[in-house]
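J.: Numbering (this note's numbering) for the sequence shown: 281 to 442. Here it is: the structure, laid out below.
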Amino acid sequence: MERFPFPSKNTGRGTVSTQAHLQIVGGRWRVIDKLGEGGMGAVYKVEDKNRKRFYAAMKVEDDLYEGGVLKLEVFILQKLQKMRDTVKLYDSGKRDKYWYASSFSFMVMTLCGKDLMTLKRLAARPFSESTTLRLAISTLYAIKQVGDIISESTPMSHELQK
């Protein structure tokens, strides 16, 4: 049985949820497929019930984990919504217990393409110097945006602003 949030079976090509396609989360998001799983949760491809053929990524985290990061991720994504080149946060919430799993929290965000390491592996040639520099600049800018939000949100920064 899978921890997040649907029971699954091993098909030889990976673990596939046996009931995921039947699930509607948050009254709106129909689970299509499991994209991956890590130590704290799983990511699913979901379709918006209200807007057919509109797909997003739903990250799910089991509420059993102490110190889960989903709440912090939602907080940071909410703060980043007005900044350029940021994934959009569509929804977040908490789902009560199922017969086969504990309760879980979720967030639904922009469904992005392949990760950078996969793109690098699939490329016929190594990235050019220009591509590498553009990626580095974009990455540093994104890190700075997140750092600004975190520093604005710490108790010390609130004390300094008084």
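The beta carbon of each residue, even a glycine, is placed where N, CA and C say it ideally should be. Remember, predicted model here, so these are calculated numbers, not experimental data.
Using a C-beta cutoff of 7 Å, does valine 305 count as contacting chain D?
T.: Looking at the structure shown, chain D is missing, and only one protein chain is on hand.
J.: Could you tell me if phenylalanine 386 is buried or exposed, where buried requires 16 or more neighbouring beta carbons within 10 angstroms of its beta carbon?
T.: Residue 386 sits at position 106 when you count from the first residue of the sequence shown. When all chains shown are included, phenylalanine 386 counts as buried.
J.: Just grab the DSSP bridge partners of valine 311 for me.
T.: By one-based count along the sequence shown, residue 311 stands at place 31. Looking at the DSSP assignment, valine 311 forms a beta bridge with Val326.
J.: Using only the alpha-carbon positions, how far apart do phenylalanine 384 and valine 340 sit?
T.: Counting from 1 along the sequence shown, the entry for residue 384 is found at position 104. Counting from 1 along the sequence shown, the entry for residue 340 is found at position 60. One C-alpha to the other measures close to 7 Å.
J.: In three-state DSSP terms, what is threonine 366?
T.: Residue mapping note: residue 366 aligns to position 86 of the sequence shown, counting from 1. Correct three-state label for threonine 366: coil.
J.: Quick one: what does DSSP say serine 383 is sitting in, helix, strand or coil?
T.: Locating residue 383 in the sequence shown gives position 103, where the first residue counts as 1. Looking at serine 383 - three-state DSSP - the assignment turns out to be coil, as it is neither helix nor strand.
J.: Can you list, in chain order, the residues of its chain whose CB lies under 8 Å from that of valine 349, leaving out five sequence neighbours each side?
T.: Counting from one through the sequence shown, the residue named residue 349 turns up at place 69. Met320 and Glu341, listed in sequence order.
J.: Buried or exposed for leucine 369, going by 16 or more other Cβ atoms inside 10 Å?
T.: Against the sequence shown, residue 369 aligns to sequence position 89. Buried.
J.: Flag this pair as touching only if the region 421–432 and the region 391–402 have three or more C-beta atom pairs under 8 Å; answer yes or no.
T.: With the cut-off at 8 Å, the region 421–432 and the region 391–402 do not touch.
J.: I'd like the list of long-range same chain contacts for arginine 375, defined as Cβ closer than 8 Å, with 5 residues on each side in sequence excluded.
T.: On the sequence shown, residue 375 is found 95 positions in, with the first residue counted as 1. Cβ neighbours of arginine 375 beyond the five flanking positions: Pro285, Val305, Gly306, Ser383, Phe384, Ser385 and Phe386.
J.: Please report the straight-line C-alpha distance between phenylalanine 407 and isoleucine 417, rounded to a whole angstrom.
T.: One-based indexing of the sequence shown puts residue 407 at position 127. One-based indexing of the sequence shown puts residue 417 at position 137. Computed Cα separation, rounded: 15 Å.
J.: Rounded to the nearest angstrom, what separates alanine 336 and serine 410 at their Cα positions?
T.: For this step, residue 336 is matched to residue 56 along the sequence shown. For this step, residue 410 is matched to residue 130 along the sequence shown. Each residue's alpha carbon lies about 31 Å from the other.
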